[in-house]
Structure formats: structure tokens, C-alpha cells
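Novice: Numbering (my numbering), first residue to last: 24 to 71. Heads up, the beta-carbon is just placed ideally off N, CA and C, and yes, glycines get one too. Below you will find the structure I want to go over with you.
Shown next, in the form of C-alpha cells:
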């Protein structure tokens with residue numbers, strides 16, 4: 024899909040993945056969450 028395997032990091036939970044993405048993000052970056060409604064709902068329930 025055009026993403027190198029070394030750039031993909033699994034996480035135990037949606038919250039852990041979102042926290043890691045927030046730590047890695049720079050000002051102006053966007054974090055996009057996609058998947059099932061359950062996955063996205065869990066991400067949306069977390070404060071920014």
C-alpha cells in the first residue's frame with residue numbers, strides 16, 4: 024500500500040495508538056483514525 028513495513032507500529036489498544044500518534048505529531052499535523060465504527064468511536068471519546 025506504499026507504506027514501508029518499518030513505518031507500521033502495532034499497539035494493544037486504540038488509546039495507546041492514539042497517544043503514540045500524538046507524541047509523534049508535529050504542529051500542523053493531522054491524525055486520521057479509520058476502521059470500524061467501534062475503533063473510531065473509541066478515538067473520538069478521548070480528549071484532544
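So the candidates are 71, 27 and 26; which of them puts its Cα closest to the Cα of residue 54?
Specialist: For the purposes of this step, residue 54 is identified with residue 31 of the chain shown, where counting begins at 1. Closest by alpha carbon: 71.
Novice: Tell me the rounded alpha-carbon separation between residue 59 and residue 43.
Specialist: If you number the chain shown from 1, residue 59 lands on position 36. If you number the chain shown from 1, residue 43 lands on position 20. Answer to the nearest angstrom: the Cα atoms are 20 Å apart.
Novice: In whole angstroms, what is the alpha-carbon distance linking residue 6 and residue 26?
Specialist: Because the chain is modelled from 24 through 71, residue 6 falls outside the range shown and cannot be assessed.
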